[in-house]
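Undergrad: Pasting a structure below so you can have a look.
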Amino acid sequence: AQSVTQLDSQVPVFEEAPVELRCNYSSSVSVYLFWYVQYPNQGLQLLLKYLSGSTLVKGINGFEAEFNKSQTSFHLRKPSVHISDTAEYFCAVSRNTGKLIFGQGTTLQVKP
Amino acid sequence: EPEVTQTPSHQVTQMGQEVILRCVPISNHLYFYWYRQILGQKVEFLVSFYNNEISEKSEIFDDQFSVERPDGSNFTLKIRSTKLEDSAMYFCASSERQGAYEQYFGPGTRLTVT
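Same order as they appear, the protein sequences are chains A and B. In terms of our numbering, the first sequence opens at residue 270 and continues consecutively. In terms of our numbering, the second sequence opens at residue 30 and continues consecutively.
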């Protein structure tokens, strides 16, 4: 069975500072990895995904993530955050069935 | 840009009552999903649906739950006899295909059972 752990429930950061949101997964088979973002009162929106190939994946809004198979991690990074990045971020895994298994979520709070 | 819509945005019901949550997936998508998020907890998979059949369901999706695609556009989740613990945000999602394909989520329906 697969599982996802997001190590930080809240990450406060000042505007224009870099940020890393951590995600570790557990799976005995190959999985697809995703980061979703949820802005207040909205649904989940895909930021980026890792399927195969290059371990560095670039997504929307300047975010990127690096797949590390040996550490079973898929951390999300942004070199300079904006106030508008304040949201809930979810790491998720899936296999060919399409079922997404989510982590607990990390609240990114960007302060001016 | 096409989007998944859900109605109502908020539903309040009494314990034991039946509720139907409605979703309109993106028109050319073939796979449909329901997830839920209890306040303060992670988003959990409930069920996936393809070709008018349930493809996969979680342990949460017991006999009190059912899904239906009554016409070419709607996708519904029915809870027959609601319990207090069913209070949650329910998200509908759709995708063109399974696996690596992006699931597009609706804004959710907040269900409150009193």
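For each residue, glycine too, the CB sits at the ideal point set by N, CA and C. Predicted, not measured: the structure shown is a model, and the values here were computed from it.
Leu290(A) bridges to which residues according to DSSP?
TA: Note: Leu290(A) sits in a beta bridge opposite Leu345(A).
Undergrad: Give the single residue among Ser363(A), Gln378(A), Ser349(A) whose Cα lies nearest to the Cα of Trp304(A).
TA: Looking at the Cα atoms, Ser363(A) is the closest of the given residues.
Undergrad: Tyr79(B) and Leu106(B) look like a contact to me (Cβ under 8 Å); what is the Cβ gap, rounded to whole Å?
TA: About 15 Å separates the two Cβ atoms, so there is no contact after all.
Undergrad: According to DSSP, which residues form a beta bridge with Tyr319(A)?
TA: According to DSSP, which records beta bridges pairwise, Tyr319(A) is partnered with Leu302(A).
Undergrad: Checking 7 Å against the spacing of the C-beta atoms, do Phe61(B) and Leu75(B) come in under that value?
TA: Cβ atoms of Phe61(B) and Leu75(B): not closer than 7 Å.
Undergrad: Between Glu162(B) and Arg109(B), is the Cβ-Cβ spacing less than 7 Å?
TA: Look at the range of chain B in this structure, 30 to 143, and you will see that residue 162(B) is not part of it.
Undergrad: Contact criterion: CB-CB distance below 7 Å. Does Thr366(A) meet it with respect to chain D?
TA: Considering every chain present, this structure includes no chain D. Its protein chains are A and B.
Undergrad: Classify Ser84(B) as helix, strand or coil using the three-state DSSP reduction.
TA: In the structure shown, Ser84(B) sits in a strand (DSSP, three-state: E or B).
Undergrad: In terms of residue numbering, what span does the beta strand (DSSP E) encompassing Val33(B) cover?
TA: Note, Val33(B): premise wrong, no beta strand (DSSP E); not H, not E.
Undergrad: Just checking: is the beta-carbon of Leu315(A) within a distance shorter than 7 Å of some beta-carbon in chain B?
TA: Cβ-Cβ to chain B under 7 Å: yes for Leu315(A).
Undergrad: What whole-angstrom Cβ distance do Thr42(B) and Thr138(B) have, given they're in contact under 8 Å?
TA: Contact doesn't hold; Cβ gap of about 11 Å is too wide.
Undergrad: For Asp115(B), does the count of other Cβ atoms within 10 angstroms reach 16, so buried, or fall short, so exposed?
TA: Its Cβ being crowded by 16 or more others within 10 Å, Asp115(B) is buried.
Undergrad: Of all the CB atoms in chain A, is at least one closer than 7 Å to the CB of Lys71(B)?
TA: It does; some Cβ of chain A falls within 7 Å.
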